[in-house]
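Below: the structure, in structure tokens.
Numbering (the numbering used here), first residue to last: 5 to 573.
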């Protein structure tokens, strides 16, 4: 044993030197973090510290809770009993060195606790189960409030869930076995690299933490993303119009014009050849034209919704001029579809009959039930946003993308927080997340109008409640053949809400319900052979009745839609 002692001492010295170096580097990095945050705090002295108006919501919830103390006592007693059971199981587990009986388990879809130690090591097993018990107790406390209005109850529930997400033991280095394992293997170098990643993200966000989801250096527009051949036909202050090069000997008579959302870049439809919808459409013989919206700065502060509507009409004019075809088919994606519906109502009132079919990807027209995004929108929050937008002339894209990410916080925030900062890994290349990080700004006037008139007051579905240039908009007058395509797991445009909007039109309407969510369910090429879809031309009032009376077909809905739109050609 004496022969081994010098070697052990030497290894201990090496380890000590390694950790000392790590500690010194981390101290220097922390100083940089403090400097960045000091600058951010100074430039945001008047920042609203309660942008979601949570103080009022939780105050109302507390008042409702104290009116029903019996329910609170019942919930607390049940939690205390479960805690005592877990304590007993934990003691038995520690004494035996074996995992305990599982009092509570994470949901099958919960990927946070996938490391084997969460089940095999008694300490981590107890930490996991304690967190799950506290989470369950908290949810029951939130639900115990009676007499609370539905919106406040939903807001408290939503933001409480986000708080529970944040407090997960997986998000802390000392209670995450994967992180502790990495610290041991790298002698703490992962924490140094993670802090460097955080510094870079803070600097990129000018003091705001904008967690990178992908390696943005791995992609270059026009080379390995958005690379389908095409050319810019037209450009003005509002947009560029891109026309894609035909790949077939003959093309269909009627050109196709796509209106994407202005809160994201258009190339979600053209990521890579294997999943590019634009390339697939060109290969089917369509003459594909796509609007690429301007990324506005402060000079666009007074740009309104009507300017975007007129831009669509202008794009139609250019397509007609360049192709020589007056009749065309249009597609709108998300709020691009909302804009398209308004444009169709406007054109109908003006007697313009150039649009021969209209397709709507994940588009809401009736905002009565806008899903979790509606929790971010009330008078207080809109007013706070307007103050912010009026100061700079636009809403920064990071604000909107932050709200979207919050809807799926574990997947879109905390998983990257753990990977990039605690494990010290660099984000991996992923085309979809590259597009997601390439956010755009929104003009102050237009975004305020959109939030107030659509999300807050739900005027678009009300006949003649809105007007453009004195032309009253009535969706019921739209009689062109229409196809609404939604996805069953969409958390941004819930399918039952998009279904309600589809029933507003006065002509023939087809509704297709695909699998997956807002993006993956739309960008689902046939070659992938993923998900399924349902389709019907009959739209009863109750969406559940529609679902019950349709059959699921495996695979992509793209060919089915193409048959429909080419039939319209």
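No residue lacks a Cβ here, since even glycine has one placed at the ideal position from N, Cα and C. Predicted model, so just to flag it, every value in this text is computed and none were measured.
- Query: Tell me, which residues are paired with residue 365 by DSSP?
  - Reply: Looking at the DSSP assignment, residue 365 forms a beta bridge with 337 and 489.
- Task: Just the C-alpha distance for residue 231 and residue 277, rounded to the nearest angstrom, thanks.
- Result: One alpha carbon belongs to residue 231, the other to residue 277, and they sit about 8 Å apart.
- Task: Return the first residue and the last residue of the alpha helix (DSSP H) that residue 394 is part of.
- Result: Residue 394 -> alpha helix (DSSP H) spans 383-396.
- Query: To which residues of the same chain is residue 128 closer than 6 Å at the C-beta, ignoring the five residues directly before and after it?
  - Reply: Around residue 128: 121, 122 and 181.
- Item | Bounding residues of the alpha helix (DSSP H) (the contiguous stretch that carries residue 198) | Here the alpha helix (DSSP H) through residue 198 covers 193-208.
- residue 428 to residue 192 span [Cα, whole Å]: Put simply, the backbone Cα of residue 428 is about 10 Å away from that of residue 192.
- Query: Comparing alpha-carbon positions, which option in 491, 402 and 545 lies nearest residue 208?
  - Reply: Answer by Cα proximity: 402.
- Kindly provide the ranges of any alpha helix (DSSP H) runs that are 4 or more residues long and lie completely inside the stretch 71-118, ordered along the chain. Within the stretch 71-118, the runs of alpha helix (DSSP H) at least 4 residues long that lie entirely inside it are, in chain order, 73-100.
- On the premise that residue 494 lies in contact with residue 366, defined as a C-beta separation below 8 Å, what is that separation, rounded to the nearest angstrom? So it is a contact: roughly 6 Å between Cβ atoms.
- Message: On the CB-based measure, 16 or more other CB atoms within 10 Å of its CB, does residue 445 come out buried or exposed?
- Response: Buried, by the Cβ-count rule.
- Query: Are the CB atoms of residue 284 and residue 544 nearer to each other than 8 Å?
  - Reply: No, the pair does not count as a contact, with Cβ atoms beyond the cut-off.
- Item | Assumed close pair residue 364, residue 296 - CB separation to whole angstroms, cut-off 8 Å | The C-beta separation of residue 364 from residue 296 comes to about 20 Å, leaving the pair out of contact by the 8 Å criterion.
- Task: Work out the CA separation of residue 141 and residue 227 for me, nearest whole Å.
- Result: When only Cα atoms are considered, residue 227 and residue 141 end up about 51 Å apart.
- Does the beta-carbon distance from residue 261 to residue 334 come in below 8 Å? In contact: residue 261 and residue 334 (Cβ atoms closer than 8 Å).
- Reference residue 254, options 240, 211, 473 and 289, closest by Cα: Looking at 240, 211, 473 and 289, the one whose alpha-carbon comes closest to that of residue 254 is 289.
- Query: So does the stretch 214-224 actually touch the stretch 423-439, counting three or more Cβ pairs closer than 8 Å?
  - Reply: Segment contact: the stretch 214-224 against the stretch 423-439, three or more CB-CB distances shorter than 8 Å; contact assigned.
- Return the CA-CA distance between residue 536 and residue 514, expressed in angstroms with no decimal places. Rounded to whole angstroms, residue 536 to residue 514 spans 17 Å at the Cα level.
- Message: Within a Cβ cutoff of 7 Å, which residues of the same chain sit near residue 341, ignoring the five residues on either side of it in sequence?
- Response: The beta carbon of residue 341 is closer than 7 Å to those of 364, 365 and 367 in its chain, skipping five residues each way along the sequence.
- Touching or not, the stretch 405-416 and the stretch 489-508, by the rule of three or more beta carbon pairs under 8 Å? With a cut-off of 8 Å on Cβ pairs, the stretch 405-416 is in contact with the stretch 489-508, counting three or more such pairs.
- Item | Inter-residue spacing [alpha-carbon to alpha-carbon] between residue 171 and residue 196 | Rounded to whole angstroms, residue 171 to residue 196 spans 23 Å at the Cα level.
- Query: Across which residues does DSSP place residue 263 in a beta bridge pair?
  - Reply: In the DSSP output, where bridge partners are listed per residue, residue 263 has 336.
- Message: What ranges does the beta strand (DSSP E) occupy inside the stretch 250-302, keeping only unbroken runs of at least 3 residues that lie completely in it?
- Response: The qualifying runs are 260-263 and 292-297.
- Query: Can you give the Cα-Cα distance for residue 471 and residue 459, rounded to whole angstroms?
  - Reply: Linking residue 471 to residue 459 through their CA atoms gives a straight-line distance of about 17 Å.
- Task: Quick one: grab the DSSP three-state call for residue 476.
- Result: Residue 476 falls in the strand class under three-state DSSP.
- Message: For the alpha helix (DSSP H) containing residue 325, name the first residue and the last one.
- Response: DSSP places residue 325 in the uninterrupted alpha helix (DSSP H) bounded by 309-327.
- Task: Look at residue 484 and residue 348 and say whether their C-beta atoms are less than 8 Å apart.
- Result: Yes. Within cutoff.
- Item | DSSP three-state assignment for residue 238, whether helix, strand or coil | Strand, per DSSP.
- Task: Under 6 Å Cβ to Cβ from residue 521, same chain only, skipping five residues before and after it: list those, please.
- Result: Only residues of its own chain outside the window of five on either side were considered, and among them 491, 493 and 494 have a CB closer than 6 Å to the CB of residue 521, listed in chain order.
- Item | From 313, 398, 155 and 526, residue whose alpha carbon lies closest to that of residue 372 | Comparing Cα-Cα distances from residue 372 to each of 313, 398, 155 and 526, the minimum goes to 155.
- With C-beta atoms as the reference, is residue 199 less than 8 Å away from residue 350? At least 8 Å separates the beta-carbon of residue 199 from that of residue 350.
- Message: Could you pull the DSSP bridge partners for residue 514 from this structure?
- Response: According to DSSP, residue 514 bridges with 487.
- Message: Can you check whether the C-beta of residue 241 is within less than 8 Å of a C-beta belonging to chain B?
- Response: No chain B is part of this structure, which consists of one protein chain only.
- Message: What does the Cβ neighbour count give for residue 183, buried or exposed, with the cut at 16 atoms within 10 Å?
- Response: With 16 or more other CB atoms across the displayed protein chains lying within 10 angstroms of its CB, residue 183 is buried.
- Report yes if the C-beta distance between residue 489 and residue 523 is below 8 Å; otherwise report no. Not a contact, by the Cβ cut-off of 8 Å.
- Any idea what DSSP makes of residue 438, helix, strand or coil? The answer is helix: DSSP assigns residue 438 an H, G or I state.
- Task: List the DSSP bridge partners of residue 433.
- Result: None, per the DSSP bridge assignment.
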